[in-house]
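From first to last, the protein sequence lines stand for chains A and B.
Just so you know, we're using the UniProt record's numbering here: the first sequence kicks off at 1 and counts up by one.
Just so you know, we're using the UniProt record's numbering here: the second sequence kicks off at 1 and counts up by one.
Every residue, glycine too, gets a C-beta built ideally from N, C-alpha and C.
This report concerns only the one structure given below.
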Amino acid sequence: MSRAATTASWPPAPARGQRLRLTGCLALVALPHLFHLPPWVSAIAATLLVWQAQAAWRSRPLPGRLIRFALAAAALGSVLAGFGRISGQEAGVSLLVMLLALKLCEIRSHRDAMVFLSLTAFLLITQFLFSQSLAMAVYLVIGTWLITAAFIDVSSEIAPTGAFTHSARLLLQALPVAALLFVLFPRVPGPLWGLPSDAGARATTGLSERMSPGSISSLATSDAVALRVRFPDGDMPPAPARYWRGPVFWDFDDGTWRGSPAADALPAADIRPVADAIVRADITLEATRHPWLIALDVPLGTDHRSRMSPGATLHAEDDIDERIRYHARSALAYRLDPQLGSAARERATRLPAGGNPRARATARRWRAQADTPQGIVDRALTHFREHPFHYTLSPARTGRDSSIDDFLFETREGFCEHYAGAFTFLMRAAGVPARVVTGYQGGERALVGDYWVVRNSDAHAWSEVWLDGRGWVRVDPTAAVAPGRIEAGVAGSLSDSQALPYMARADDGAWYRMQMLWDGVNAAWNRWFLAYGPQQQQRLLERIGLGGLRGALVALTFGVAVLLGLLSLWLGWRMRQRRTADPVTRQWQRVCDRLAAMGYPRARHEGPQAYGARVARARPDLADELGAIVAGYIRLCYAANPGSADTQAFVARAAAFDPRRPRKPRD
Amino acid sequence: MSAQDTAARAARRDDAIADGLQRVREALATRVLGKPRQIDQALACVLAEGHLLIEDVPGVGKTTLAHGLAQALGLSFSRVQFTSDLLPSDILGVSVFDRNAADFRFTPGPIFAQMVLADEINRASPRTQSALLEAMAEGQVTIEGRTRDLGRPFTVIATQNPVDQSGTFNLPDSQLDRFLMRITLGYPPLGEEKRLLAGRTERAEPLAPVIDAAVLAQWQRAVAAVTTRDAVLDYLLRLLRFSRREGVFVQGLSPRAGLALRRAAQAWALLSARDFVLPEDVQAVLPAVVDHRLTATEGGDRTPSAILLEQVDAIAG
Chain A
1 MSRAATTASW
11 PPAPARGQRL
21 RLTGCLALVA
31 LPHLFHLPPW
41 VSAIAATLLV
51 WQAQAAWRSR
61 PLPGRLIRFA
71 LAAAALGSVL
81 AGFGRISGQE
91 AGVSLLVMLL
101 ALKLCEIRSH
111 RDAMVFLSLT
121 AFLLITQFLF
131 SQSLAMAVYL
141 VIGTWLITAA
151 FIDVSSEIAP
161 TGAFTHSARL
171 LLQALPVAAL
181 LFVLFPRVPG
191 PLWGLPSDAG
201 ARATTGLSER
211 MSPGSISSLA
221 TSDAVALRVR
231 FPDGDMPPAP
241 ARYWRGPVFW
251 DFDDGTWRGS
261 PAADALPAAD
271 IRPVADAIVR
281 ADITLEATRH
291 PWLIALDVPL
301 GTDHRSRMSP
311 GATLHAEDDI
321 DERIRYHARS
331 ALAYRLDPQL
341 GSAARERATR
351 LPAGGNPRAR
361 ATARRWRAQA
371 DTPQGIVDRA
381 LTHFREHPFH
391 YTLSPARTGR
401 DSSIDDFLFE
411 TREGFCEHYA
421 GAFTFLMRAA
431 GVPARVVTGY
441 QGGERALVGD
451 YWVVRNSDAH
461 AWSEVWLDGR
471 GWVRVDPTAA
481 VAPGRIEAGV
491 AGSLSDSQAL
501 PYMARADDGA
511 WYRMQMLWDG
521 VNAAWNRWFL
531 AYGPQQQQRL
541 LERIGLGGLR
551 GALVALTFGV
561 AVLLGLLSLW
571 LGWRMRQRRT
581 ADPVTRQWQR
591 VCDRLAAMGY
601 PRARHEGPQA
611 YGARVARARP
621 DLADELGAIV
631 AGYIRLCYAA
641 NPGSADTQAF
651 VARAAAFDPR
661 RPRKPRD
Chain B
1 MSAQDTAARA
11 ARRDDAIADG
21 LQRVREALAT
31 RVLGKPRQID
41 QALACVLAEG
51 HLLIEDVPGV
61 GKTTLAHGLA
71 QALGLSFSRV
81 QFTSDLLPSD
91 ILGVSVFDRN
101 AADFRFTPGP
111 IFAQMVLADE
121 INRASPRTQS
131 ALLEAMAEGQ
141 VTIEGRTRDL
151 GRPFTVIATQ
161 NPVDQSGTFN
171 LPDSQLDRFL
181 MRITLGYPPL
191 GEEKRLLAGR
201 TERAEPLAPV
211 IDAAVLAQWQ
221 RAVAAVTTRD
231 AVLDYLLRLL
241 RFSRREGVFV
251 QGLSPRAGLA
261 LRRAAQAWAL
271 LSARDFVLPE
281 DVQAVLPAVV
291 DHRLTATEGG
301 DRTPSAILLE
311 QVDAIAG
């Protein structure tokens with residue numbers, strides 16, 4: 001900065017304007033946090049901020065040490081009581097917000113303000129722990145601008161408005177460096193922002209590891225994006241093939257379908273794809289907190305580390321706690337498990353010992369009537385078609401032990417999980433191996449950008465039956481009841497589509513278009529910025545011809561970083577050096593330092609004479625020596641025409657001064 | 001003449017000044033009891049060729065101090081009691097028709113003295129006040145189109161009663177800036193007041209002049225010659241810059257205030273028998289010089305000079 005920073009600092013409470021600006025800065029930076037932190041934390045933080053703003057507005061004096069200490073202890077205690085710890089994502093950020101709000105009433109010096117602003121900048125960065133959306137990125141840029149302006153504001157005499165301009169100029173100048181570093185700085189694999197300790201704490205709606213009546217219909221009320229997909233070779237397959245495979249459930253008990261861990265004891269699925277029916281897709285999956293990698297039915301593999309489950313679902317090694325991108329291959333025509341092992345057959349036909357007697361009886365009757373398993377399947381689908389079944393989000397309740405019977409013969413209202421569950425039950429009761437598959441069905445094309453969006457409201461459940469010679473075959477009983485579900489999506493087939501969230505409805509009004517547009521922008525943001533990992537970096541470097549230079553680039557980046565570090569060290573050293581280049585000043589500083597070490601620091605307002613007199617009063621044994629030094633210093637600094645002899649005498653005397661040396665007590 | 005001779009002469013002259021100042025102090029101390037600091041401040045103000053504002057309740061010795069100063073320094077003295085019906089001509093003087101000379105003859109007003117005591121200046125109308133203040137600023141008055149020089153030395157000592165506020169016109173801030181210093185006297189200490197009551201003082205007789213106007217002028221030149229090195233100028237600058245920081249004071253110190261502070265510190269150095277200024281000199285005159293020029297926006301009961309003193313580094317480093 002061209003302007004010399006003043007050595008003078010602030011009055012005990014910073015000037016009103018400054019105080020208000022610092023409070024405002026923190027309030028703006030903390031604002032997004034207040035919406036996702038627990039309400040009690042937000043309430044405390046908001047109260048503290050309002051209190052600080054009011055105190056600044058009225059120019060109230062800063063509270064005393066005791067009050068500040070009590071408040072800080074209360075903040076610490078409340079975080080400990082609320083979270084049981086003070087580290088971790090939410091607890092840490094909560095503590096930081098509260099303590100920063102309290103720090104406001106402790107800012108007395110320039111240094112305090114610098115510490116406060118540095119911590120505020122850190123608080124700004126923590127926003128990325130909670131959201132990495134484009135909107136948040138824009139907010140963070142504004143926050144950075146504000147904080148930089150505040151740094152300028154507290155460090156110089158530029159008017160506040162000038163600080164904003166100055167700050168903007170600085171940020172613009174930093175932009176090319178930031179862009180270069182973004183592209184070239186070695187990317188670390190794995191999520192940069194994920195704090196795994198808290199990952200499970202935040203519930204995410206999505207597919208679950210069990211299915212009971214109501215579990216999928218509750219998903220249908222969320223229009224959150226589940227995944228986005230691009231097809232590098234062409235387009236989305238036609239609607240009847242848009243089945244996205246998720247977890248598969250083998251075990252039924254108590255009205256709930258589960259994919260128990262025991263299912264993993266079965267051999268992995270044996271998939272025989274038909275050669276020209278393979279589709280490649282680039283999928284961006286939102287965090288699910290589960291390990292499944294969703295892909296078109298039936299998945300063959302991904303470039304993400306994964307294994308194939310017995311139910312032909314791709315499992316990643318860890319839960320998906322962050323949005324990930326992967327490349328998946330799927331076969332739209334296939335033979336799945338042409339041979340069914342005895343263990344798998346046993347699992348796929350097992351039913352609880354009792355319950356739902358009417359369904360069992362019906363299944364046994366169908367089995368007696370039909371010649372082949374295919375005949376049983378057709379008979380069951382006919383049953384769904386011919387009886388007045390309703391496809392609805394809000395079916396009548398069924399008993400827990402008799403859920404299948406109640407649904408099949410009494411209420412006849414249900415969402416896909418009712419149909420898939422009941423159908424699979426019927427097949428098993430008739431001796432046909434069957435299992436429940438959950439996932440998504442459908443998808444919509446984005447308005448901008450060449451990609452498709454699959455939402456939570458597209459969640460779906462269907463059945464698979466194992467037929468001799470054909471392997472597992474997908475049967476979707478919901479389609480028998482509501483054929484529109486497959487063609488037109490959930491909105492086109494529900495009798496009560498008003499219960500659906502806006503984005504899932506069959507409507508393409510202005511709001512819908514705007515939302516889709518925004519989704520496009522976000523998707524681009526995800527694709528180009530958030531998903532920029534080691535592989536993407538390597539690919540980009542190769543494309544611009546620097547692929548082979550990756551190692552060299554890494555070395556260069558670190559080299560430049562080390563160089564910059566050394567440069568700033570050198571600059572700091574030189575500034576210090578320049579400040580003490582004058583031997584008189586240096587020696588005087590030394591004398592002051594030594595006296596300060598003895599417990600007599602010079603108060604900032606003390607002139608040399610007053611300081612010397614004060615120390616001499618406290619330490620009469622030093623009086624003569626110190627008196628001579630002070631007189632010499634005063635002569636050199638303040639009197640007219642000091643000679644070089646004076647300088648030498650002073651330097652020698654000051655250099656020899658050692659207040660710790662024992663002296664003879666004066667009489 | 002060799003350099004040594006010059007130095008010796010300068011030292012002798014400085015000794016003479018120090019001696020003279022000491023005698024003036026002692027003389028004044030017999031009149032204004034128990035107020036050595038206020039005597040020094042008033043002396044510094046006169047030495048710095050500034051005007052003095054004494055703000056205090058009646059009867060604490062404002063007039064005594066002013067009168068004593070004039071007597072000890074051998075200056076001509078006049079006193080104007082300001083009232084609401086006082087006119088500018090009552091201060092400056094009027095031209096009267098002289099029948100013998102058949103011409104107008106100028107009768108100089110009380111302003112034509114080397115030391116003018118303007119008692120209760122806030123009682124007069126703003127018009128009269130500004131006539132006085134203009135004279136203070138210019139060192140000359142313009143009456144009926146003719147400019148008349150007031151001569152040197154010329155010192156105005158104005159008094160103000162801060163308690164009695166009804167029917168007064170307080171000096172605006174811009175006018176306060178024209179007073180180099182503002183001091184308060186306060187009640188005398190216990191022992192001194194007893195002496196006063198017992199009548200064991202020589203207040204009745206006039207003070208014998210210690211010096212005359214010519215010597216005072218020489219002293220004033222000596223003040224201007226007191227060395228102010230960069231270390232002190234930088235300190236002054238830091239004080240000025242700090243006073244202009246946003247939010248500390250309603251309005252910062254003017255460049256004129258900066259010059260006043262420097263000159264007052266020089267005078268204080270001379271009073272301390274030193275031919276160079278120390279930060280301590282600046283601090284000694286700081287309350288008298290800045291407190292009437294600044295209004296703190298906050299800081300409770302602390303005076304502006306206390307805020308400045310505490311917040312500004314006396315030594316750069």
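{"query": "Simplified DSSP state of Arg152(B), which is helix, strand or coil", "result": "coil"}
{"query": "Anticipated Cβ contact below 8 Å, Leu62(A) with Cys105(A), distance rounded", "result": "5 Å"}
{"query": "Cross-chain neighbours of Gln41(B) in chain A, by beta carbon under 9 Å", "result": "Those within 9 Å of Gln41(B) in chain A number zero; the least Cβ separation is about 18 Å."}
{"query": "Per DSSP, the bridge partner or partners of Val465(A)", "result": "Ala434(A) and Val473(A)"}
{"query": "Buried/exposed call for Lys194(B), threshold 16 Cβ in 10 Å", "result": "exposed"}
{"query": "CB contact check: Asp313(B) to chain A, cutoff 7 Å", "result": "yes"}
{"query": "Cβ pair count under 8 Å reaching 3, the segment 459-466 of chain A against the segment 392-403 of chain A", "result": "no"}
{"query": "Assumed close pair Leu271(B), Ala10(B) - CB separation to whole angstroms, cut-off 8 Å", "result": "Not confirmed; about 18 Å, so no contact."}
{"query": "Under 9 Å by beta carbon: chain B residues contacting Pro608(A)", "result": "Leu278, Pro279, Glu280, Ala314 and Ile315"}
{"query": "Delimiting residues of the beta strand (DSSP E) encompassing Asp253(A)", "result": "Asp251 to Asp253"}
{"query": "Chain A contact for Leu233(B) (CB, 7 Å cutoff)", "result": "no"}
{"query": "Below-7 Å beta-carbon distance, Ala633(A) vs any chain B residue", "result": "Before going further, note that residue 633(A) is Tyr rather than Ala in the sequence given. Chain B, which has no Cβ nearer than 7 Å to the Cβ of Tyr633(A), makes this no."}
{"query": "Exposed unless 16 or more other CB atoms sit within 10 angstroms - verdict on Trp292(A)", "result": "buried"}
{"query": "Under 7 Å between C-beta atoms of Ala163(A) and Ile147(A)", "result": "no"}
{"query": "Rounded C-alpha distance that separates Ile404(A) from Gly255(A)", "result": "8 Å"}
{"query": "C-beta neighbour in chain A for Glu246(B), strict 7 Å", "result": "yes"}
{"query": "Neighbour-count burial assignment, Gln251(B), 16 or more Cβ in a 10 Å radius", "result": "exposed"}
{"query": "Outcome for Ser87(A) when other beta-carbon atoms lying within 10 angstroms are tallied against a minimum of 16", "result": "exposed"}
{"query": "Coarse secondary structure for His292(B), derived from DSSP in three states", "result": "coil"}
{"query": "Buried versus exposed, by CB contacts within 10 Å (16 or more), Trp588(A)", "result": "buried"}
{"query": "Per-residue DSSP class, three states only, for Ser95(B)", "result": "strand"}
{"query": "Under 7 Å between C-beta atoms of Leu73(B) and Leu216(B)", "result": "yes"}
{"query": "Residues in the segment 92-106 of chain B having any Cβ partner in chain A nearer than 7 Å", "result": "none"}
{"query": "Segment limits, beta strand (DSSP E) that includes Ala159(A)", "result": "Counting along the chain, Ala159(A) falls outside any beta strand (DSSP E), and DSSP gives it neither H nor E."}
{"query": "Alpha-carbon to alpha-carbon, Ala131(B) and Leu233(B)", "result": "34 Å"}
{"query": "Closer than 7 Å to chain B by CB, Pro191(A)", "result": "With a pLDDT of only 48 at Pro191(A), under 50, the local geometry of the prediction cannot be trusted, and the value read off the model is given with reservation. Taking Cβ atoms only, chain B never reaches closer than 7 Å to Pro191(A), which makes this a no."}
{"query": "Partners in chain A for Thr227(B), counting only beta-carbon separations shorter than 7 Å", "result": "Ala639 and Ala640"}
{"query": "Asp275(B): contacting residues in chain A (beta-carbon distance under 8 Å)", "result": "Ala639 and Ala640"}
{"query": "Length of the line joining the Cα atoms of Ser402(A) and Met427(A)", "result": "17 Å"}
{"query": "Minimum Cβ-Cβ distance from His605(A) to chain B less than 7 Å", "result": "yes"}
{"query": "Residues bridged to Tyr243(A) [DSSP beta-bridge criterion]", "result": "Gln441(A)"}
{"query": "Buried/exposed call for Trp466(A), threshold 16 Cβ in 10 Å", "result": "buried"}
{"query": "Proximal chain B residues relative to Arg230(A), where beta-carbon distance stays under 8 Å", "result": "Chain B residues near Arg230(A): none, gap ~55 Å exceeds 8 Å."}
{"query": "Proximal chain B residues relative to Ala15(A), where beta-carbon distance stays under 9 Å", "result": "Arg245, Glu246, Gly247, Val248, Thr297 and Glu298"}
{"query": "Min CB distance Glu310(B) to chain A below 7 Å", "result": "yes"}
{"query": "Cβ shell of Ala348(A) (< 8 Å), same chain only, five flanking positions each side left out", "result": "Trp250, Leu340, Arg428, Pro433, Ala434, Arg435 and Trp466"}
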